[in-house]
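Scroll down for the structure; my scribbles are underneath it.
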Amino acid sequence: MAVPLKVVAVEGNEATVDLGGVRSRARLDLLGEEVKPGDYVLVHTGFAIRRLDPADAEETLKLFDELLSASDDGGD
Amino acid sequence: MPSGTSTGSVPGSKGRSMRKPLSEEKITALHGAGGELMNRLVAELRELFPLRAAGEVGLDDLDDGASLSLPQGEVVVTTDSHVVKPLSFPGGDIGKLAASGTVNDLAVMGARPVAMTLGLIIEEGFPISELKKFLSSLAEVLREVGAALVTGDTKVMGKGEMDGLVMNTTGIGVAERIIRDSGLRPGDKIIITGPVGDHGMAVLAAREGIPVEGEIKSDVSPIWPLVERALSIGGVTAMKDPTRGGLAAALNEMARKSGVGITVREEEIPVRPEVRGLAELLGISPLNLACEGRAVIGVSPDRAEAVISALREHPLGRDARIIGEAIPEHRGKVVLETRVGGRRYLEMPLGDPVPRIC
Amino acid sequence: MTAVTDPFRLRDPARAEKLARTLRRLAPGRAVKLVHVCGTHEAAIAEHGLRSLLPEGVEVYEGPGCPVCVTSTADINVAVKLALEKDVVLCTFGDMLRVPGSELTLEEARAQGADVRVVLSAADAVRIARENPRKEVVFFAVGFETTAPATAAVLLGSPPHNFSVLCSHKLIPPALEALLRENTAVEGFLAPGHVSVIIGADAYRELARKHRIPVVVGGFEPLDVLYAVALLLKQLRDGRAEVENAYPRAVRPEGNPKAKELMGRAFEVVDAVWRGIGTIPASGLGIREELSRFDARRRFGVEAGVGMEEPPGCRCPEVIMAKAVPTDCPLFGTACTPLSPVGPCMVGAEGACAIWYKYGERPRL
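Protein chains in written order, with the working numbering: chain V, 4 to 79; chain P, 484 to 841; chain D, 1152 to 1516.
Have a look at this one:
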């Protein structure tokens, strides 16, 4: 899955994840950190490979905007 | 259960009939055999339809056929078989689908639905209460559009010889002006009357038992009231209902047959978030999923806004949008302008991703 | 109606338009060949029509980014043999079913009575093993470094005695090396986002340094891809050859340490045969001695059999090596379609040909 899924529940080493209202399960064995409901995870073949939170998306947009403003100033 | 014998005792014995109501029973081979049992079944089912004639001879006559007295105009005929699985799904069932599908085929040719025939093929053991439920749904659609059920047929196949229930319908309508799916001209605006992919996704989710929070409902409904509005404004050059293969199939066929290209903007194509989410998870495009309550309408540019306004006045057309236009380039192809401003072809799908969708 | 509240959908048209303009300003004024190695990148590019937004001369090719497409015919033959002759329950990812082996596909083996089942995960295969204690269950482990850690977790998680793995996992960095040896026209790599989540952005430093080639790790949203390509073009313009991480929300320099640790405990690096390429040294994973009891190759001793050439006309090897795009192949869309595929690139969900066919992709529309 390229799109992060939202964690809605955690039971042991499995999480219930949600995309657009559809629920499925993901194993947490590959994550070295805790996840909690409200977090997002990248899931590949049924295993979470990375935890994300929405603030990370904001950071990414900032990166894009840095490049874009540098271009606007002709500075790039 | 022995055929026929359990359905009753001699009326009048012990002073009152001990007959079990038909609805508690299951279909047996005798129900399709043309005899007393079938007549009784048909008599009970007939009651479900408020309109039963569109001419001199109608359903109540139980004659070999029906006759139609049609108003002026071109007569349009359509036929469909309905094999949807499962028989019931969120938003509808095979009855609603059979009637709506028939009405909609007539509607997108520009025809007001007048009458319908109904052939039933039923598996032995099928609960009659279920049958009644589906026929009630079918009747409700016909009532809504003012069309009559004028004649029918009932056959029964042995247990295991077929899958539950199949319906076959023929629809008859009359058009003041026939609209084809090949009538697009460069410059015509392309309208979709509402969100796409609902029916396909609803049936797939129901069939596969996919747990969805906030159910996905089929859009199945008769669109004649909506189409009637568009036609009354004028300027409609082409129409198609995006059933099997979804919007992508309908647009590609219209482009090919009209000898034009079509360009559509992804941003303008309405898709419900829950349909989008599940489609993404399954790797299917909502644009390839069947709709059963939508129309693709080609309109000459000067009338497009008026048609949109007229559509939006009807509950089924609230989300109607202009999604693109016909163009002279890329003849026979559909170009998708993606949300981020990129371009690619929207291909004809190989087939509907969901078998037995309608 | 189409508004999505998901914070990670980075596809707003305004930024996309600005990025497209930035890309045009960075146009190199000559032909530039960039390569990525990820089916998900190709799908993102095709689905959103991103090629039509690239500046004149810039072309992006998919290299060996489809693990199903590069699985050797020898390994497919082993899987088929296990299913047909050793009476195992063969568990496989869905798009592996129809990839041609030397004789049969797994789907054809199933039609002949083999018990071949589609799974979405290694964990599913373990569940099937637990539910069928009297049958041997083999998981056909295909995939790159994004998938291998899941197989490792399962191997290290005390799977049942009747479970084993036919390990066909492969590694991306050696494939990039092999590609550069074969394809000298490549001037930049868009590195795979989720492989990099596991192995880390630092994994490409050696490659960038040795070959003086820019590498940008990119995400999968349309804006992610446009941004990553912009960074690559910038590097080319400035004469730099660095590793840049354009997907920092998911990729760290060191990757996912836990996943890497599990991989290290379960697997050792081996030479591997890549379909369409040949043997690439130290490019595959084999199961470690300590876990050899779960190695299907050792448990069943099935001989690999000789690999085969693709049928005449099929250009999969060139597509896999980023030397051709699907529409360069004479069979594309005519003799070779998803319904009747000739080569693996049309079968694998991450194959360039399957993706181009699905999305009506062209070099530039």
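Glycine included, every Cβ here is placed at the ideal spot set by N, Cα and C. Small disclaimer: the values here were computed from a predicted structure and weren't measured.
**Burial state of P:L524 (16 or more Cβ within 10 Å)** = buried
**Asked** Applying the criterion that 16 or more other CB atoms from any shown protein chain within 10 Å of the CB defines a buried residue, is P:L833 buried or exposed?
**Response** exposed
**Extent of the continuous alpha helix (DSSP H) to which D:G1190 belongs** = G1190 to E1198
**Message:** So the candidates are V:A58, V:Y43 and V:R30; which of them puts its Cα closest to the Cα of V:V10?
**Reply:** Of the candidates V:A58, V:Y43 and V:R30, the residue whose Cα lies closest to the Cα of V:V10 is V:Y43.
**Request:** Using a Cβ-Cβ cut-off of 9 Å, state whether P:K700 counts as contacting chain D.
**Result:** no
**Prompt:** Comparing the C-beta of P:V719 with each C-beta of chain V, is any distance below 9 Å?
**Reply:** no
**Item:** Beta carbon of D:F1290 nearer than 9 Å to that of D:L1317
**Value:** yes
**Beta carbon of V:G23 nearer than 9 Å to that of P:E757** = For V:G23 and P:E757, yes; Cβs fall inside 9 Å.
**Request:** Report the residues of the region 745-760 of chain P with a CB closer than 9 Å to any CB of chain D, ordered along the chain.
**Result:** E749, E750, E751, I752, P753, V754, R755, P756, R759 and G760
**Asked** Does the separation of the CB atoms of P:A590 and P:M737 fall below 9 Å?
**Response** no
**Item:** C-alpha distance - D:R1181 paired with D:D1389, whole-angstrom precision
**Value:** 15 Å
**Request:** Could you check the C-alpha separation between D:G1435 and D:S1319 for me, to the nearest Å?
**Result:** 7 Å
**Request:** Could you tell me if D:H1312 is buried or exposed, where buried requires 16 or more neighbouring beta carbons within 10 angstroms of its beta carbon?
**Result:** exposed
**Request:** Can you pull the chain D residues whose beta carbon is under 9 Å from the beta carbon of V:V10, in chain order?
**Result:** By Cβ distance, chain D contributes nothing, its closest Cβ being about 13 Å from V:V10, past 9 Å.
**Request:** Please confirm if P:R826 has its CB atom under 9 Å from at least one CB of chain D.
**Result:** yes
**Asked** Mind checking D:A1336: buried by the 16 CB within 10 Å criterion, or exposed?
**Response** exposed
**Request:** Drop a sphere of 10 angstroms on the beta-carbon of D:K1361, count the other beta-carbons inside from all chains shown, and report buried for 16 or more, exposed for fewer.
**Result:** Flag for D:K1361 reads exposed.
**Request:** Would you decide whether D:R1530 is buried or exposed? Buried here means 16 or more other CB atoms lie within 10 Å of its CB.
**Result:** The structure shown does not extend to residue 1530 of chain D, since chain D is modelled only from 1152 through 1516, so no value can be given for it.
**Message:** Run through chain P and tell me which residues come within less than 8 Å of D:P1373, C-beta to C-beta.
**Reply:** T821, R822, V823 and G825
**Request:** Could you name the residues of chain V that P:L770 contacts, counting a contact when the two beta carbons are closer than 7 Å?
**Result:** The contacting residues do not exist; P:L770 stays about 16 Å from chain V at best.
**Request:** Would you give the residue range spanned by the beta strand (DSSP E) that D:G1435 belongs to?
**Result:** G1429 to I1438
**Minimum C-alpha distance to P:D802 - residue among P:A809, P:I810, P:I791 and P:L545** = Ranking the options by Cα distance to P:D802, first place goes to P:I791.
**Message:** Please state the DSSP three-state secondary structure of P:L819.
**Reply:** Collapsing the DSSP output to three states places P:L819 in a strand.
**Request:** Would you kindly work out how many angstroms separate the C-alpha atoms of P:V571 and P:L621, rounded to a whole number?
**Result:** Note on identity: in this sequence residue 571 of chain P is Ser, with Val being the wrong assignment. Computed Cα separation, rounded: 13 Å.
**Request:** Report the residues of the region 524-546 of chain P with a CB closer than 8 Å to any CB of chain D, ordered along the chain.
**Result:** For the region 524-546 of chain P, no residue has a beta-carbon sitting nearer than 8 Å to a beta-carbon of chain D.
**Request:** Check the DSSP bridge columns for P:K509 and list the partner residues they point to.
**Result:** P:P610
**Request:** Rounded to whole angstroms, what's the CA-CA distance from D:P1477 to D:G1427? Just pull it up for me.
**Result:** 14 Å
**Item:** Where V:A5 falls: helix, strand or coil (DSSP)
**Value:** coil
**Prompt:** If you count every other CB in all the chains shown that lies within 10 Å of the CB of D:Q1386, and 16 or more means buried, which is it?
**Reply:** buried
**Request:** State buried or exposed for D:A1354, treating a residue as buried only when at least 16 other CB atoms are found within 10 Å of its CB.
**Result:** buried
**Request:** Determine the contact status of D:V1394 and D:A1326, defining contact as a CB-CB distance below 9 Å.
**Result:** Cβ distance not < 9 Å, so D:V1394 and D:A1326 don't count as in contact.
**Item:** Contained beta strand (DSSP E) runs [length at least 3] in the region 1271-1344 of chain D, N- to C-terminal order
**Value:** 1288-1294, 1314-1320 and 1337-1342, all fully within the region 1271-1344 of chain D.
**Asked** Tell me the DSSP bridge mates of D:C1242?
**Response** D:R1268 and D:F1290
**Message:** Cβ closer than 9 Å: which chain V residues qualify as neighbours of D:Y1355?
**Reply:** None at all; the shortest Cβ gap to chain V is about 18 Å.
**Residue range of the alpha helix (DSSP H) that includes D:K1169** = Its alpha helix (DSSP H) spans residues P1164 to R1176.
**Prompt:** Can you list, in chain order, the residues of the region 11-27 of chain V whose Cβ is nearer than 8 Å to any Cβ on chain P?
**Reply:** D21, L22, G23, G24, V25, R26 and S27
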